[in-house]
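K.L.:
Line by line, the protein sequences are chains A and B. Each residue of the first sequence is one higher than the one before, counting from 503 in our numbering. Each residue of the second sequence is one higher than the one before, counting from 605 in our numbering. Built from N, CA and C at the ideal position, the CB exists for glycine as well. Encoded as structure tokens, here's the structure I'll be asking about.
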Amino acid sequence: MSPHRPGEIAGRILKEYGLVIMAVPLVLVFALLNPDFLTFDNLVSILEQNAALAIVAVGVTFTIIAGQFDLSPGSVAALSGVLLAVVLRASHSMASALAASLGVALACGLFNGVLLSYLGINSVIVTLAAMIWARGLALGITGGDSLPFTHPFVAFMNGRFILGLSPIIVVVVASYVIGWFMLNHTRLGRYTYALGGDVEATRQAGVNTDVTKLTLFLLSGFFVWLATAVTTARMSAGAPNAVYGLEFDAIVAVIIGGSSMMGGEGSIRKTVVGVIFLSILNNGLSTMGMRDSAFYLYKGVVILVALFFEVISRRALRSGTAREAAMSGGRSAT
Amino acid sequence: MHRGDELARAAHPIDQPHSSLSGEERLRLIVSEYGIVLVVLVLGALLGLTAPRFLLAENIVTIFKQISVVAIMAIGMFLVILVGGIDLSVGSSALFAAVVTMFLLNHGYLPTGLAIAAGIVGASAVGLINGLLVESAGISPIIVTLGTMIAVRGLAQTILWIDNAWLWVRNPTFTFVAQRSILTVPVLVILTIVLYTVFAILLRQTGFGRHLYAIGGNIRATALCGVPVARLRTLTYVLSGFTAGVGGLILAARLSAVSPGVGNNIQFDVILAVLLGGASLTGGSGRLEKSFLGALIAGMILNYLTIKGIPGPYQTAVNGLLILAAVVIDRVSKGRAG
């Protein structure tokens, strides 16, 4: 009965602050190795470097809470970035280039959404296929080269003139505000949680689950487009190899932030924590001058450790509630 | 229909007595069982008609050699998918096995046989870690195998950097497997057939195989029957690591060198083969032999695209669309049940 058993308290603390606890030694190590690590400029540039990850993670939060998987964002971002560069180089109009890339991102979301909602195909497979074919198309269109362009838009996006912050940061913050508002204050947000909790019950409650799923993947496409705009502006090119593995980073950020893989629970706040953790990790490891190989080794291990924390805390909490239930059950029997 | 009947039929549909089936049902059963053979034949004829070089004996042998690695790795992947899991780490396990074996061989630390064993055991160990994290810690297989995919590739590349990211494969055993033939049949093909035969017998003739189908069909019921569900599912990941290791060594032999990119993204080809072979991602259905045919279909199409001079990236795009085609056809043929 007592809510203050040590195991349960530890579980709760781990669940809420596990990632923060893990982040402290990480930041300390990076700060010791790189004296400039904790400067304002570096922190801003960490966020800018990981802007695409941060933005895409908002859309991924929705799909994961709804119990779906989206493995396509990285490839779709590359494809829509390539299209952006192609249209811009042909028309010299940034507006039509942005419109074209938005069209591609939404079309991919629509295609995936129709297949997984109306045809009822597993979202892992649909988006896994999209991850492969979209990357293949992007590489095919450009022949493997990236398409550089020059446009005032690039200077604008990278210039720091809003309280020393660039429009890129503004886009990131706006994405989170939009995401938070939609998840917590709209019908779509409620349906998202409902879908992840129990699809059948949601359907019986009168919600059109197919339309909801489709909308979620369109929404994901929208955030992918925002990420595309940021990425192409940062590189001033449309690159078919861009943001390789972005989808995995985004899913990992959402999961280690504490949203459940099973769907039905999670929040934008948790995603923020996960994204910050992963961004620090990405930046810290890469500024240590590591080879890619060592980078992946450390990153993979840290991700698995973070997941393990998550599982241990969930288990500590569950055993606590189970014991409580058993105790109260025993009491009512006597 | 009773759940039990359904399970039994899922395991060995064609072995059931047909007396209880109407003609139409029997036809449907036969089509769903042997349709893929028909697909292979029709596809072969079509591709052969539009590209005459395609059906040359020499090219057919090439196709079989090209698909051997994916086909072998598909054995383990089939087992994992059969019990409702998925393994994204096989490409990295393949690199890991190749690096460990060639490192030990080229530095003269171990004789050939032991070095090969060490590589395969290493890859199986990766599978064991996957299995334990999925089954004991209860983390989603996609996330677990994604984590090991990243970490194991990093680990393998770190070892590879000791030799400046390049290990030559000049061992006679490897050359023999990659290049020789016995009675005009390439050793690679023989190896593939042997592995498929062993695992097909395991699946069809032993309790192990029946339990895997039962777990995929209804995990709760199977657990209640006293089958050690978690241990068997863990074992499928170990076996997936095992076949990935074998595949990695063959890949090294075929390329005659190990470089950091070996096996990168091959997991998608492997999953494609299993899905084209008609296995369902929800588990419990499909036949191992068909995964080989799935690998063959994908291999035929890629070979054809190469003959026709289609650039690699578009071949990748076709691969992605094939995955979709496989699941859409599967879904449409079964009706929208789930």
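1. Could you give the residue range of the alpha helix (DSSP H) that holds B/Thr910?
2. Helix, strand or coil: which one does DSSP assign to B/Ile786?
3. Using beta carbons (cut-off 8 Å, strictly below), is A/Lys772 in contact with chain B?
4. Using a C-beta cutoff of 8 Å, does A/Gly831 count as contacting chain B?
5. On the CB-based measure, 16 or more other CB atoms within 10 Å of its CB, does A/Phe683 come out buried or exposed?
6. Can you list the residues of chain A that B/His757 reaches, using a CB-CB cut of under 9 Å?
7. Shorter than 8 Å from the beta carbon of A/Leu630 to some beta carbon of chain E?
8. Does B/Val694 get closer than 8 Å to chain A when you measure Cβ to Cβ?
9. Please classify B/Ile914: does DSSP put it in a helix, a strand, or coil?
10. B/Ser728 and B/Gly849: beta carbons closer than 8 Å?
11. Would A/Ala559 and A/Ala755 be called neighbours here (beta carbons separated by less than 8 Å)?
12. Could you tell me which of A/Met790, A/Thr733, A/Thr629 and A/Leu718 sits nearest to B/Leu925, measuring between CA atoms?
13. Please classify B/Val831: does DSSP put it in a helix, a strand, or coil?
14. In three-state terms, what does DSSP make of A/Ile623?
15. Grab the span of the alpha helix (DSSP H) containing A/Pro575 for me, first residue to last.
16. Could you give the distance in angstroms between the alpha-carbon of B/Gly712 and the alpha-carbon of A/Ala676?
17. Taking 8 Å as the CB-CB cut-off, is B/Val932 touching chain A?
18. Between the region 895-927 of chain B and chain A, which residues of the former have a C-beta closer than 7 Å to a C-beta of the latter?
19. What residues from chain B crowd round A/Met853, counting only those whose CB sits closer than 9 Å?
20. Helix, strand or coil for B/Tyr772 per DSSP?
21. Per DSSP, what are the beta-bridge partners of A/Ile664 in this structure?
22. For B/Val931 and A/Glu510, what's the separation of their Cα atoms in angstroms?
23. By the 10 Å Cβ neighbour count, where 16 or more other Cβ atoms means buried, how is A/Phe658 classified, buried or exposed?
24. I need the DSSP call for A/Pro650, collapsed to helix, strand or coil.
25. Compare the Cα-Cα distances from B/Ala678 to each of B/Val703, B/Asp691, B/Leu718 and B/Thr705 and report the closest residue.
26. Checking contacts by CB at 8 Å: is A/Arg637 closer than that to chain B?
27. Would A/Ser834 count as contacting chain B if we go by Cβ distances under 8 Å?
28. What residues in its chain sit with their C-beta under 7 Å from that of A/Gly611, if we drop five residues either side in the sequence?
29. What residue does the alpha helix (DSSP H) around B/Thr810 start on, and which one ends it?
30. Please state whether DSSP places B/Val862 in a helix, a strand or coil.
31. Between which two residues does the alpha helix (DSSP H) containing B/Ile766 stretch?
32. Do A/Ile814 and A/Ala525 come within 8 Å of each other at the CB atom, strictly closer than that value?
33. Shorter than 8 Å from the beta carbon of A/Gly642 to some beta carbon of chain B?
34. Enumerate in chain order the residues of its own chain whose CB-to-CB distance from B/Lys912 is below 7 Å, with the five nearest sequence positions on each side excluded.
35. Could you check the C-alpha separation between B/Asp609 and B/Ala825 for me, to the nearest Å?
36. Helix, strand or coil: which one does DSSP assign to A/Ala739?
P.N.:
In this structure, then:
1. Leu892 to Ile911
2. Looking at B/Ile786 - three-state DSSP - the assignment turns out to be strand.
3. Taking Cβ atoms only, chain B never reaches closer than 8 Å to A/Lys772, which makes this a no.
4. With a pLDDT of 44 at A/Gly831, under the threshold of 50, the modelled position of that residue is not reliable, and no figure is offered here.
5. exposed
6. Note on identity: in this sequence residue 757 of chain B is Arg, with His being the wrong assignment. Residues of chain A passing the Cβ test: Ser795, Tyr798, Leu799 and Gly802.
7. The displayed structure is made up of protein chains A and B, and chain E is not among them.
8. no
9. coil
10. yes
11. yes
12. Considering only alpha carbons, the answer is A/Thr629.
13. Under the three-state reduction of DSSP output, B/Val831 falls in the coil class, being neither helix nor strand.
14. coil
15. Pro575 to Ser593
16. 59 Å
17. yes
18. Pro915, Pro917, Tyr918, Thr920, Ala921, Asn923, Gly924, Leu925 and Ile927
19. Residue coverage of chain A in this structure runs from 503 to 836, which leaves residue 853 of chain A outside it and unanswerable.
20. At residue 772 of chain B the sequence reads Trp, which differs from the Tyr that was named. Here B/Trp772 sits in strand by DSSP.
21. A/Leu667
22. The alpha-carbon atoms of B/Val931 and A/Glu510 are separated by roughly 44 Å.
23. exposed
24. Here A/Pro650 sits in strand by DSSP.
25. B/Asp691
26. The beta-carbon of A/Arg637 is placed less than 8 Å from the nearest beta-carbon of chain B.
27. Residue confidence for A/Ser834 is low, a pLDDT of 38 falling below 50, so the modelled location carries little weight; the figure read from the coordinates is stated next. Answer no: the Cβ-Cβ gap between A/Ser834 and chain B never drops below 8 Å.
28. Phe719, Leu720, Ser722 and Gly723
29. From DSSP, B/Thr810 is part of no alpha helix (DSSP H); its letter is neither H nor E.
30. strand
31. That residue, B/Ile766, is in no alpha helix (DSSP H); it is neither H nor E in DSSP.
32. no
33. yes
34. Correct list, in chain order: Ala655.
35. With a pLDDT of 44 at B/Asp609, under the threshold of 50, the predicted position of this residue should be treated as unreliable, though the coordinate-derived value follows. If I take the Cα positions, the gap works out to 14 Å.
36. strand
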